[in-house]
Amino acid sequence: MSTQFKAAAKASVVIPVKNGGVLLRQVLQAVCRQQAPWPYEVLVIDSGSRDGSQTVVRDLGIRLHEIPPAEFGHGKTRNLGASLTTGDFVVFITQDALPANEHWLNNLVSAAELSPDTAGAFGRHLAYPEHGPVIARELQTHFSGFGAQAHTVQMDDSERYRHEQGYRQFLHFFSSNNACIRRSVWQRIPLPEVDFAEDQLWAKAIIEAGFAKAYAPDACVFHSHKFGVLETYRRAYDESSALRQLFGYELVPSVKHLLKHSWLLSRRDWCWIAESTLPARNKCLGMVKTPAANFSRLLGFYAGVKQTRLPNWLKEHSSRDKALQRS
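Quick note on this note's numbering: the sequence shown kicks off at 99 and runs consecutively.
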């Protein structure tokens with residue numbers, strides 16, 4: 099593999115970075131160690147890091163492109179990365195998504211090649227060990243719903259697609275934290291330039307255009323967050339607000355739904371914690387933290403659904419993205 103520009107590259111790995119921290123070097127080294135039967139290139143787009151991330155990139159000999167912070171956008175910056183590279187497949191990960199092994203890239207691209215009408219593929223997320231078993235279980239449960247083997251899906255029932263929200267959500271799920279897109283499809287359908295959920299909006303567009311998407315369970319990255327109560331609320335607010343505006347989804351439509359499902363989720367988690375082999379101290383902590391985490395997440399979902407009714411000051415302070423922009 100050459101980390102410099104290479105016209106014959108089959109895959110182009112694009113990594114948006116801002117203040118990548120100590121994890122950035124590990125992520126970049128893991129990307130550079132990938133074993134694939136074809137050449138690939140790596141591009142980092144930095145949007146104003148102040149922690150020396152640019153030096154880390156240059157030290158590893160990786161191609162670096164810098165943009166002002168104001169020019170960053172989730173879809174916009176990834177489209178820029180695609181335009182600056184040449185691989186048949188454009189691979190996207192984030193600065194905190196660590197490839198789990200040296201076959202991650204090959205597995206991801208291989209899934210995207212399962213059929214000629216496959217527009218792209220997304221891979222599985224694993225929890226960092228230090229983030230604990232509850233978060234690991236949540237990610238495992240989420241991704242197990244997509245199957246255990248690499249496969250493709252596309253819209254095969256237009257009536258069901260129109261009338262069943264759950265079916266649409268399944269087809270629309272895509273994660274640019276760990277994904278690749280076929281360049282020929284990207285040239286026709288680039289990532290939307292929106293504040294949030296650009297990946298799922300892109301999946302909606304390709305599904306409705308008749309393409310398939312692939313799931314690659316063996317293309318794993320470690321990618322998880324251990325947020326506090328406020329950050330959990332803010333992240334959920336951004337997700338819910340975007341999905342409400344872009345797709346019409348109402349993740350938590352009422353206070354009744356909020357209270358009921360907060361209780362049901364906490365009871366489920368308590369049962370799992372009680373039956374687990376966790377040390378007693380960890381069980382106690384889990385029993386205390388789980389209800390707060392579930393309630394703050396569902397409260398964020400509810401606030402996102404109702405965001406048009408919130409005063410501007412509350413909307414500003416409810417959004418994690420807005421908070422990051424202010425900082």
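The beta carbon of each residue, even a glycine, is placed where N, CA and C say it ideally should be.
Annotation for His172: no beta strand (DSSP E) segment contains it, though the alpha helix (DSSP H) segment containing it runs 172–181.
Listed in chain order, the non-local C-beta contacts of Lys108 below 8 angstroms within the same chain comprise Ala134, Trp136, Pro137, Tyr138, Gly185, Asp186, Phe187, Val207, local neighbours out to five positions each way being set aside. Listed as beta-bridge partners of His249 by DSSP are Tyr313.
Rounded to whole angstroms, the separation of the alpha carbons of Gly173 and Pro290 is 5 angstroms. Among the bridge pairs identified by DSSP, Ile279 is matched with Val188, Gly218. Put simply, the backbone Cα of His359 is about 43 angstroms away from that of Arg131. Under the rule that a run must span 3 or more residues, the beta strand (DSSP E) segments found entirely inside the stretch 295–344 read 310–320. In the assembly as shown, His270 is a buried residue. Its beta-carbon has 16 or more other beta-carbons within 10 Å. By alpha-carbon distance to Phe309, the top candidate from Gly326, Ile287, Val189 is Ile287. DSSP places Ala209 in the uninterrupted alpha helix (DSSP H) bounded by 202–210.
Taking 9 angstroms as the cut-off, the Cβ atoms of Lys324 and His223 do not count as close.
When secondary structure is reduced to three states using DSSP, Val154 falls in the helix class.
Here Ser364 carries a helix assignment [DSSP, helix/strand/coil]. At the C-beta level, Lys116 and Pro166 stay beyond 9 angstroms of one another. Under the rule that a run must span 3 or more residues, no beta strand (DSSP E) segment is found entirely inside the stretch 372–415. In this structure, Leu237 and Ala295 do not form a Cβ contact; the two beta carbons are roughly 19 angstroms apart against a cut-off of 8 angstroms.
Cβ-Cβ distances below 8 angstroms link Val125 to Ile113, Gly118, Ile191, Gln193, Asp194, Ala195, Leu196, Pro197 in the same chain, with the five nearest sequence neighbours on each side left out; the list follows chain order. Taking C-beta atoms as the reference points, Phe220 and Ser151 fail to come closer than 9 angstroms.
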